[in-house]
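The numbering of the sequence shown is numbering that gives the first Met the number 0, which starts it at 0 and goes up by one. Each residue gets a CB set at the ideal place from its N, CA and C atoms; glycine is no exception. Model, not experiment: these values are computed from the prediction. Accompanying notes for the structure given below.
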Amino acid sequence: MTTVDEKIKDEWPAQDDAYPRQTARRRWMQSMAAGALGASSSVTASLFSRSMLAFPPAVFDAGATTAIVSVIGNRAVSVHVRWAPTASFQPTNSIRSESVTLLASNDFAHAFVLTKLPSNSDVSYAIYSGEDVVSPTQRFRTAPAASTRSDVSLAFSGDMEERYRPFAVFDQIARQKVDAFIHLGDTVYADIPRRDFTPSVAHYRRKHAAIRADGSLQSFMANHSMIATWDDHEIENDCHAGHPAMADAAKVFAEYWPTSAQSGVGLYRNVRFGSDVELFMLDTRRFRSAQSDVDSAQKTMLGAVQKRAFFRDFGSSAAKFRLIGTSVPVHGASADAWGNYATERDELLDAFRKANASSGSKTIILSADYHFAREWPRSEKFGIYEFMAGPLAAFLTFETDNNARSRHTRGAHFVFGDRPNFGVLRYRAVDRSLHLSYFDDRGTLLHERHL
């Protein structure tokens, strides 16, 4: 049997005082006992005393009729998902998925794809082994059908490191009653601390398990759709497509952060939220050229296959608001951001300008990576907006770089870098508008913008 303790037992070196002393398993059991998932302590203890599951289930990429429910176990056991519209959920009348035996080769992880879900609805679900329930009943919300206009709320941010647990920011995101969360990368800092970094499947699993041990994150992921991409720290800082551990890191990312990505194009995919809002989530890491390459038409962040698919899907979209999820800022000028891939960046911006001019749509770029929040107003006259958020739980750039605040606060635009933070986009069907709000980890409203 592989337990969570075994997955992370080597992650708390005695000489690193910044790391917590408790194992993830113990911290998780304590958070569960405290009601982190909303279940009573007696029910919780009964459900999880068998140690079938390493963590509560999590929901990913919920569309109008499909969603992924991720299960990570502690041993080889047969499990399945039962779900139903919230008002009618009972074990006897729920819809049952196929049973799957969790396998050690996948770290006892499996991604169940639920289909034929009711659109724009709350769905309740629980994990079963045979006739025994092995998780509390949770719920998530599906997206509106592509042919309809309906209100939708989406939060976004990125960057979280285990040293900054507990991830209380997710409690604040949950209080905003969002339908889904767009995670813009650095879901884990696998390469920190450097002295313990050994890129391998086993190492990446230990690091992801340590992240998933957080009670606030568990509660949020069990009850909200997570739409995630990766950046560099899931592999190694500032890595590109040539990194030798890319395949190992991708395997583990898929175990802990499954996606509905199109086959053969990394993590790229698009998710519709009714007729007016569509999210295009990019993979800016798997296929990128080396940062040191001279800029040219051949230097790429997306790779030929992903870029072709993106231009096809973006060009055919009829959404009024087209959201672009990118782990690094489009208007950023650092070596790892789009400014160092200027030829391809300009291709994207040109496509955005043409689409906005011909259809009256707006392109909203959502980014992270810099560890502070800001607007990038340079392209607004073309209907192109970029909003950056973060970190969720990591170091603050304004505390580590004495010049960063002055560089990024020049001009009349929003900048915030003093606490963890996230953005919220609320689409209102009644007037087909999009409203942006920024909040910090205490729930303080930082900034608003109406589009």
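Point to revise | Local conformation of D185 per DSSP, three classes | key: For the purposes of this step, residue 185 is taken as residue 186 along the sequence shown, with counting starting at 1. D185 falls in the coil class under three-state DSSP.
Practice item. Would you check if the segment 226–233 and the segment 140–151 touch, i.e. whether three or more CB-CB distances between them fall below 8 Å? Key: no
Review point. Quick one: is P90 buried, meaning 16 or more other Cβ sit within 10 Å of its Cβ, or exposed?
Key: Position 91 of the sequence shown, counting from 1, holds the residue named residue 90. By the Cβ neighbour-count rule, P90 is exposed, with fewer than 16 other Cβ atoms within 10 Å of its own.
Exercise for review: List the residues that DSSP assigns as beta-bridge partners of M387.
Suggested key: Taking the sequence shown and counting its residues from 1, the one referred to as residue 387 is at position 388. BP columns for M387 point to S366 and R373.
Point to revise | Where W256 sits in the DSSP three-state scheme | key: Counting from 1 along the sequence shown, the entry for residue 256 is found at position 257. If DSSP states are grouped into helix, strand and coil, W256 belongs with coil.
Exercise for review: Note the first and the last residue of the continuous beta strand (DSSP E) segment covering L348.
Suggested key: To locate residue 348, count along the sequence shown from 1; it is residue 349. Run containing L348: none in the beta strand (DSSP E); it sits in the alpha helix (DSSP H), A341 to S358.
Check your understanding: Comparing alpha-carbon positions, which option in V429, S104 and F54 lies nearest S274?
Key -> Counting from 1 along the sequence shown, the entry for residue 274 is found at position 275. When only C-alpha atoms are compared, the closest one is V429.
Practice item. Using beta-carbon positions only, say whether V187 and I172 come within less than 9 Å of one another. Key: For the purposes of this step, residue 187 is taken as residue 188 along the sequence shown, with counting starting at 1. For the purposes of this step, residue 172 is taken as residue 173 along the sequence shown, with counting starting at 1. No, Cβ-Cβ distance for V187 and I172 is not below 9 Å.
Check your understanding: If you draw a straight line from the alpha carbon of D440 to that of F421, how long is it in whole angstroms?
Key -> Counted from its first residue, the sequence shown places residue 440 at position 441. Counted from its first residue, the sequence shown places residue 421 at position 422. If I take the Cα positions, the gap works out to 8 Å.
Point to revise | Per-residue burial, K115 [other beta carbons within 10 Å of its own, 16 or more giving buried] | key: In the sequence shown, the residue the question calls residue 115 occupies position 116. K115 comes out exposed.
Review point. Under a three-way DSSP split, which group does S395 fall into?
Key: Translated into positions along the sequence shown, residue 395 becomes position 396. The question names Ser, but residue 395 is Leu in the sequence shown. Coil.
Practice item. Please classify G410: is it buried, with 16 or more other beta-carbons within 10 angstroms of its beta-carbon, or exposed? Key: Reading the sequence shown from its first residue, position 411 is the one you call residue 410. Exposed.
Practice item. Within the segment 108–149, note down every full beta strand (DSSP E) run reaching 3 residues or more, in order along the chain. Key: 108–113, 121–128 and 137–140
Check your understanding: Nearest to A336 by CA position, among F59, L266 and D231, is which residue?
Key -> For this step, residue 336 is matched to residue 337 along the sequence shown. Minimum Cα distance to A336 is reached at D231.
Review point. Can you round the beta-carbon distance between P84 and P117 to whole angstroms, since I take them to be within the 8 Å contact cut?
Key: Within the sequence shown, the letter at position 85 stands for residue 84. Within the sequence shown, the letter at position 118 stands for residue 117. Their Cβ separation, rounded to whole angstroms, is 6 Å, which keeps P84 and P117 in contact under 8 Å.
Point to revise | Residue environment, E130, which counts as buried when at least 16 other CB atoms sit within 10 Å | key: As a working mapping, residue 130 is identified with position 131 in the sequence shown. Taking all protein chains shown into account, E130 has fewer than 16 neighbouring C-beta atoms within 10 Å of its C-beta and is therefore exposed.
Practice item. For S436, write down the residues that DSSP places opposite it in a beta bridge. Key: Locating residue 436 in the sequence shown gives position 437, where the first residue counts as 1. In the DSSP output, where bridge partners are listed per residue, S436 has V423 and E447.
Check your understanding: Around the C-beta of V58, are 16 or more other C-beta atoms found within 10 angstroms, so that it is buried, or is it exposed?
Key -> Position 59 of the sequence shown, counting from 1, holds the residue named residue 58. By the neighbour-count rule (16 or more Cβ atoms within 10 Å), V58 is buried.
Review point. What three-state label does DSSP hand M220 in the structure shown?
Key: In the sequence shown, residue 220 corresponds to position 221, counting from 1. Helix, per DSSP.
Check your understanding: At which residues does the beta strand (DSSP E) containing G324 begin and terminate?
Key -> Position 325 of the sequence shown, counted from the start, is the residue given in the question as residue 324. Taken as a continuous stretch (DSSP letters only), the beta strand (DSSP E) holding G324 covers F320 to T325.
Check your understanding: Rounded to whole angstroms, how far is the Cβ of V200 from the Cβ of K250, which I believe are closer than 8 Å?
Key -> Within the sequence shown, the letter at position 201 stands for residue 200. Within the sequence shown, the letter at position 251 stands for residue 250. Contact holds; Cβ gap of about 6 Å.
Check your understanding: Using a Cβ-Cβ cut-off of 8 Å (strictly less than) and excluding sequence neighbours within five positions of A75, which residues of its own chain qualify?
Key -> In the sequence shown, counting from the first residue as 1, residue 75 sits at position 76. Result list for A75: T100, L101, L102, A103 and F107, in chain order.
Exercise for review: With distances taken Cα to Cα, identify the nearest neighbour of A480 among R373, A244 and D237.
Suggested key: No statement about residue 480 is possible, as the shown extent of the chain runs from 0 to 450 and does not include it.
Check your understanding: First and last residue of the beta strand (DSSP E) that includes I71?
Key -> To locate residue 71, count along the sequence shown from 1; it is residue 72. Segment A66 to I71, the beta strand (DSSP E) holding I71.
Review point. Per DSSP, which one or two residues make a beta bridge with A154?
Key: As a first step, residue 154 must be located in the sequence shown, where it is residue number 155. In DSSP, A154 forms a bridge with F180 and V423.
Review point. The alpha helix (DSSP H) spanning S405 covers which residue range?
Key: By 1-based counting over the sequence shown, the position of residue 405 is 406. First-last of the alpha helix (DSSP H) with S405: A403 to H407.
Point to revise | Where A154 falls, given that 16 or more other Cβ within 10 Å makes a residue buried | key: Translated into the one-based positions of the sequence shown, residue 154 becomes position 155. By the 10 Å Cβ count, A154 comes out buried.
Check your understanding: How long is the line joining the alpha carbons of L365 and L266, rounded to whole angstroms?
Key -> Locating residue 365 in the sequence shown gives position 366, where the first residue counts as 1. Locating residue 266 in the sequence shown gives position 267, where the first residue counts as 1. Their backbone Cα atoms lie some 16 Å apart in a straight line.
Check your understanding: So who's on the other strand from H242, going by DSSP bridges?
Key -> Within the sequence shown, residue 242 is the residue found at index 243, counting from 1. H242 is not bridged by DSSP to any residue.
Exercise for review: Tell me whether W229 sits in a helix, a strand or coil according to DSSP, three-state version.
Suggested key: Position 230 of the sequence shown holds residue 229. The answer is coil: DSSP assigns W229 none of H, G, I, E or B.
Exercise for review: Measure the alpha-carbon distance for L445 versus T396 and round it to whole angstroms.
Suggested key: Sequence index remark: in the sequence shown, residue 445 carries index 446 (1-based). Sequence index remark: in the sequence shown, residue 396 carries index 397 (1-based). Rounded to the nearest angstrom, the two C-alpha atoms are 18 Å apart.
Check your understanding: Do R284 and G184 come within 9 Å of each other at the CB atom, strictly closer than that value?
Key -> The residue given as residue 184 occupies position 185 in the sequence shown. The residue given as residue 284 occupies position 285 in the sequence shown. Yes, Cβ-Cβ distance for G184 and R284 is below 9 Å.
Exercise for review: Provide the residue(s) that pair with L278 in DSSP beta bridges, ordered along the chain.
Suggested key: Mapped onto the sequence shown, residue 278 falls at position 279. Note: L278 is bridge-paired with V270 and L322 in the DSSP secondary-structure output.
Practice item. Just tell me which of A244, D237 and H182 has its CA closest to the CA of Y203. Key: Position 204 of the sequence shown, counted from the start, is the residue given in the question as residue 203. Of the candidates A244, D237 and H182, the one whose C-alpha sits nearest the C-alpha of Y203 is A244.
**Study point:** Endpoints, beta strand (DSSP E) assigned at H79
**Key:** Taking the first residue of the sequence shown as position 1, residue 79 is located at position 80. Going by DSSP, H79 is part of the beta strand (DSSP E) stretching over S77 to P84.
Review point. Taking the DSSP output, what are the residues bridged to V200?
Key: In the sequence shown, counting from the first residue as 1, residue 200 sits at position 201. Answer by DSSP bridge pairing: none, since V200 is not bridged.
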